[in-house]
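Asks: In the numbering used here, the protein residues as written are 14 to 148.
Think of the CB as a built atom: it goes at the ideal place given N, C-alpha and C, for glycine as much as any other residue.
Computed from a predicted structure; not experimentally measured.
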Amino acid sequence: MLYFAYGSNLNHHQMKKIRCKGSKYLKTTFLKDYQLLFCHPNKLNKFGYANVVKKEGSRVPGAIWEITKKHEKVLDRYEEFPNSYKKKYFYLNGKKIMFYIMNKCFVKKPPESYINTIKKGYEDCNIDVKYANKF
14 MLYFAYGSNL NHHQMKKIRC KGSKYLKTTF LKDYQLLFCH PNKLNKFGYA
64 NVVKKEGSRV PGAIWEITKK HEKVLDRYEE FPNSYKKKYF YLNGKKIMFY
114 IMNKCFVKKP PESYINTIKK GYEDCNIDVK YANKF
């Protein structure tokens, strides 16, 4: 199956060596009509994590990964699906691609270590640093 990552799962070391061993990075693409925010589903939480929300005319850079059903179960646990995140889908060149989106979004500042993980992911995926400079 195909998975679109836009947060810390852009980081190749994290995906290939820790979270989803054997997953395969395919390419960088954009999720159209969404914007990247840092949120948490619990408004009392101090920090926010990557989330996308609908916004006409915006786009979010990310990576397409080829993952297995086993990887999907790992990601489901990591993303606290279905309590914190739900799954959405889009099609690219006729192929269905899954991504996660928070059920509730209270905008919060992300931890610096988390931002650094995402920035390394941008580098890994050859995503223009100008997108990371908006964090």
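Using 10 angstroms around the beta-carbon of GLU92, count the other beta-carbons present and answer buried if the total reaches 16, otherwise exposed.
Replies: buried
Asks: Could you check which residue in HIS53, ASN22, SER97 has the C-alpha nearest to that of LYS34?
Replies: ASN22
Asks: Look up ASP46 in the DSSP assignment and say whether it is helix, strand or coil.
Replies: strand
Asks: Indicate the three-state DSSP secondary structure (helix, strand or coil) for LYS147 in the structure shown.
Replies: Of the three classes helix, strand and coil, the one that applies to LYS147 here is coil, per DSSP.
Asks: Please confirm whether any heavy atom of the ligand SAM lies closer than 6 Å to the CB of TYR47.
Replies: In the structure on display, the ligand SAM does not appear, and there are no ligands present to speak of.
Asks: Quick check on the burial criterion: 16 or more other C-beta atoms within 10 angstroms. Buried or exposed for MET14?
Replies: exposed
Asks: If I follow the unbroken beta strand (DSSP E) through LYS109, where does it start and stop?
Replies: 108-115
Asks: Since LEU15 is in the alpha helix (DSSP H), which residue starts that stretch and which ends it?
Replies: It is not in any alpha helix (DSSP H) - LEU15 instead sits in the beta strand (DSSP E) that spans 15-18.
Asks: Residues in its own chain within less than 6 Å of HIS26 by CB, not counting five upstream and five downstream?
Replies: none
Asks: Does VAL142 pass the burial test, meaning 16 or more other C-beta atoms within 10 Å, or should it be called exposed?
Replies: Taking all protein chains shown into account, VAL142 has fewer than 16 neighbouring C-beta atoms within 10 Å of its C-beta and is therefore exposed.
Asks: So, ASP46 versus GLU69, is the Cβ gap smaller than 7 Å?
Replies: In this structure, GLU69 lies closer than 7 Å to ASP46 by Cβ.
Asks: How big is the Cα-Cα spacing for CYS138 and LEU57?
Replies: 33 Å
Asks: Taking only three categories from DSSP, how would you classify LEU57?
Replies: Coil.
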